[in-house]
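Each remark here refers to the structure printed beneath this line.
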Amino acid sequence: MRRLFISLVWLYFAALLIGPIAYLCAQASGEGLTVFLNEVMRPEAVHGFWLTTEITLIVLLVNLLFGTMTAMVLARQRFWGQTFLSGLIDLPFSVSPVITGFMLILLVGPGTILGTWFGTMDIKILYALPAMILVTLFVTFPFVVRELTPILMAIGTDSEEAARTLGANEWQIFIRVTLPAIRWGMAYGATLTIARAIGEFGAVLVVSGNILQLTQTATLHIYQSYVDFNYVGAYAVAAVLLAVSFLILIVLELVKARTSVMTDRSPQMVIP
Amino acid sequence: MKIEVRALSKYFGSVEAVSNVSFTVKEGELLGLLGPSGSGKTTVLRMIAGLESPSSGDIFIDHVRVNDLSVQQRNIGFVFQHYALFKHMTVADNVAFGLSIKKWAKREIHQRVADLLQLMGLPGLGGRYPHQLSGGQRQRVAIARALAPRPSVLLLDEPFGAVDAQVRQELREWLIRLHDELAVTSLFVTHDQEEAMEVSNRLIVFSKGRLEQIGSPAEVYEDPATEFVARFIGSMNIVEAEVKQGVAHVAGLEFPAPDFPDTQRIQIGFRPYYIKLSEDTTHFRLQARVRHVYFLGVAYRVEIETESGLILRSRMNKEEFRQCRFEVGQPVSYAITHFRILPQDHGTPSPAMGIPDSPLTP
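Those protein sequence lines, which keep their order, are chains U and A. The opening position of the first sequence corresponds to residue 11 in my numbering, with each subsequent residue numbered one higher. The opening position of the second sequence corresponds to residue 6 in my numbering, with each subsequent residue numbered one higher.
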């Protein structure tokens, strides 16, 4: 029975993950290194990589800042509507990214009040970087908050109060006591945010317009290459993204390992 | 007067956690706040520290009203029940925290930390992390950290609540020694009456947010000011008796109660060591049977069941016990030498009264 289940798990992984990934790698490298590099170095591809990096970094920064703040408020403060806000955090997970993009179009698209206003101000939201950042923010918003809220609740306020009795002001408490206690959780939330931001496709496709060398991210480039029958190009760029995701996954696992060491409360090397 | 608390009250919503509490702590004193959990003692401590703000009343530290001063400005040292050490910092960095906040010079911080670790019996452990220490060591680090910036008062919340019994005993003795050495005014909260008795110069007994009694451990034990204190401090046999013609009766026992009207029911309390037992069933007038014998280390507790089914606790030292060697089921005679009449409501119990004519034969 046990063997059967283990075999089934292997089979499941092989069919769903290992097989396709292996096939992708084989396809990407099938035409040789020169072709692979050619595809990856194409200006459209390079621009896509750059745009994805740009969006990811901005989204990461905003999420770390506001995600941490949100988690601090939700974990530490008691206020009206708290349960409602806590419930809303998971919303981006349950909304299809395409719908997310569509919501933004409804909000700031041509002919809408906001859209017209931004138009008169000569600020381009839709089919430009701001919209792409906004939708990516929307889909990645839960990661940092969900990671930090339970950690903040678990560590409690004792050590922060201790710092206060020792004369530390709120900023000193945050930098010297709270931040070190949640830094691995932040790292964990950050890696998830990066992975999701790099891979986002649906929402970005809807709001970007997929304009070549302008609003075409790496994932959109893969899609475009595929549609244009440039399979090798699609495979090559996909392989690069896969490699990055894989790298992030490894970092994530290292962080997890480190986190479990840090939170292990069992006394080690106790000197009597 | 180092600390003075005047008419302090604290409401959490509509719940009154602390009710009109006033007391003073003398310079250099080690004072215990004793009470069952939820009696408001920790809230009082946190209000003195500034971690909680009072609903009404005033707090003075060194004759300065501190109500409107922030925690940071009060110059207090606070020791938390669960240590609250900074887990990502070494022991030395933990102790140095308050000093670096106050911008001490590096060399002076180094010296102060080394001195404190020496004083706390933790030399050489400065480089370790909290999770590498035992519970007792962690608590001493917490105390060192609180003492480092030379606070004017030291506040300890259940300081030994989270360590096991043996370590707790060591830590108590160590705290007394430390206090003798440093003479820093200290206020500590505990629910453990034995701990409060042993450690404090004076103690304050709390119940349901109210201050029941302030006094030396001996005063509180010998002369409980209220029924609660009588019940809470030490062990007491309590029986309910009905008064008839100036004598309270219950299950064959009689207690003089001249000031009470007939048919009134009153509560009678007596400490276990005020019950004398004899293996000679004719020695005392009252008869009982031994139900259980508890060995307590320094003493014995003998539980007896009277003829009328009342279960009473008697306590005796080893020598007394050795002379009689009570065994379970053995018939004995007994006498109650002293008792108190406990008030029904929130009043003062009578002083201990002797029953001179109890023994049939001297």
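Ideal placement from N, C-alpha and C gives every residue a C-beta, glycine not left out. Keep in mind that this is a model prediction, so the values were computed, not measured.
**Message:** Which residue marks the beginning of the beta strand (DSSP E) containing residue 27 of chain A, and which one marks its end?
**Reply:** 20–30
**Message:** So for residue 135 of chain A, helix, strand or coil by DSSP?
**Reply:** In the structure shown, residue 135 of chain A falls within a helical segment according to DSSP collapsed to helix, strand and coil.
**Item:** Identity of the residue in U:43, U:30, U:160, U:148 nearest residue 68 of chain U by Cα
**Value:** U:148
**Message:** Against chain U, does residue 92 of chain A count as a neighbour if the rule is that its beta carbon must be under 8 Å from one of theirs?
**Reply:** yes
**Request:** Decide if residue 99 of chain A is buried, meaning its Cβ has at least 16 other Cβ atoms within 10 Å, or exposed.
**Result:** buried
**Request:** Could you say if the region 56–68 of chain U and the region 223–242 of chain U meet the contact criterion of at least three C-beta pairs nearer than 8 Å?
**Result:** yes
**Asked** Between residue 105 of chain U and residue 116 of chain U, what straight-line distance do the alpha-carbon atoms span, to the nearest angstrom?
**Response** 15 Å
**Item:** First through last residue of the alpha helix (DSSP H) which encompasses residue 175 of chain U
**Value:** 168–175
**Message:** Suppose the cutoff is 6 Å on Cβ atoms and the five residues either side in sequence are ignored; what does the same chain contact list for residue 77 of chain U look like?
**Reply:** 154, 155
**Message:** Let me check one thing: in DSSP terms, what residues is residue 82 of chain A bridge-paired to?
**Reply:** Residue 82 of chain A is bridged to A:159.
**Message:** For residue 250 of chain U and residue 50 of chain U, which I take to be in contact (beta-carbon distance under 8 Å), what is that distance rounded to the nearest angstrom?
**Reply:** 6 Å
**Item:** Assigned secondary structure, residue 321 of chain A (DSSP; H/G/I helix, E/B strand, else coil)
**Value:** Residue state, collapsed to three classes: strand.
**Item:** Within 8 Å, strictly: CB atoms of residue 194 of chain A and residue 161 of chain A
**Value:** yes
**Prompt:** Out of curiosity, what's the CA-to-CA distance linking residue 87 of chain A and residue 169 of chain U?
**Reply:** Their Cα atoms are separated by approximately 10 Å.
**Request:** Give the residues of chain A in contact with residue 174 of chain U, contact being defined as C-beta atoms less than 7 Å apart.
**Result:** 76, 77
**Request:** Excluding the 5 residues preceding and the 5 following residue 44 of chain U in the sequence, name in chain order all residues of the same chain whose CB lies nearer than 6 Å to its CB.
**Result:** none
**Request:** Compute the Euclidean distance between the alpha carbons of residue 370 of chain A and residue 219 of chain U, then round it to the nearest angstrom.
**Result:** A query on residue 370 of chain A cannot be resolved here, the shown segment of chain A reaching from 6 to 367 and no further.
**Message:** For residue 167 of chain A, tell me which candidate among A:185, A:150, A:143, A:220 has the shortest Cα-Cα distance.
**Reply:** A:143
**Item:** Short-range partners of chain U found in the region 93–123 of chain A, where Cβ spacing is below 7 Å
**Value:** 93, 102, 103, 106, 107
**Item:** Proximity of residue 108 of chain U and residue 216 of chain U at Cβ, strictly below 8 Å
**Value:** yes
**Prompt:** Where does residue 264 of chain U land, buried or exposed, given buried means 16+ other C-beta within 10 angstroms?
**Reply:** exposed
**Item:** At least three beta-carbon pairs within less than 8 Å, the region 20–34 of chain U to the region 206–214 of chain U
**Value:** Counting Cβ pairs under 8 Å, fewer than three are found: no touch.
**Request:** Quick one: which residues of the region 151–180 of chain U get their C-beta closer than 8 Å to a C-beta of chain A? List them in chain order.
**Result:** 168, 169, 171, 172, 173, 174, 175, 176, 177, 178, 179
**Message:** Distance cutoff 8 Å, beta carbons only. Does residue 364 of chain A sit that close to anything in chain U?
**Reply:** Here residue 364 of chain A scores only 43 on pLDDT, less than 50, and its place in the model is too uncertain to base an answer on.
**Item:** Cβ-based burial, residue 164 of chain A [other Cβ within 10 Å; buried from 16]
**Value:** With 16 or more Cβ atoms within 10 Å of its Cβ, residue 164 of chain A is classed as buried.
**Request:** Consult DSSP for residue 42 of chain A and reduce its assignment to one of helix, strand or coil.
**Result:** coil
**Asked** What separation, rounded to the nearest whole angstrom, lies between the Cα atoms of residue 96 of chain A and residue 73 of chain A?
**Response** 33 Å
**Request:** Output the distance between the C-alpha atoms of residue 23 of chain A and residue 216 of chain A, rounded to the nearest integer angstrom.
**Result:** 9 Å
**Request:** Using the DSSP secondary-structure output, state which residues sit across from residue 336 of chain A in a beta bridge.
**Result:** A:294
**Item:** N- and C-terminal bounds of the alpha helix (DSSP H) containing residue 100 of chain U
**Value:** Element bounds for residue 100 of chain U: n/a, residue is neither H nor E.
**Asked** Between the region 164–178 of chain U and the region 59–74 of chain A, do at least 3 Cβ pairs fall closer than 8 Å?
**Response** The count of Cβ pairs closer than 8 Å, one atom from the region 164–178 of chain U and one from the region 59–74 of chain A, stays below three, leaving the stretches out of contact.
**Asked** Near residue 101 of chain A, which residues of its chain fall below 6 Å by C-beta distance, leaving aside the five closest residues on each side in sequence?
**Response** 114, 118
**Request:** Please determine if the region 201–212 of chain A and the region 30–50 of chain A are in contact, where contact requires at least 3 C-beta pairs separated by less than 8 Å.
**Result:** Judged by Cβ distances under 8 Å, the region 201–212 of chain A makes contact with the region 30–50 of chain A, as three or more pairs qualify.
**Asked** Whose C-beta lies closer than 8 Å to the C-beta of residue 137 of chain U among residues of the same chain, with five residues either side of it excluded?
**Response** Sequence-distant partners of residue 137 of chain U (beyond 5 residues in either direction) whose C-beta falls short of 8 Å from its own C-beta, in its chain, are 217, 218, 219, 221, 225.
**Asked** At a Cβ threshold of 8 Å, is residue 265 of chain U touching chain A?
**Response** no
**Message:** Using the Cβ count rule (16 or more neighbours within 10 Å means buried), how would you classify residue 53 of chain A?
**Reply:** buried
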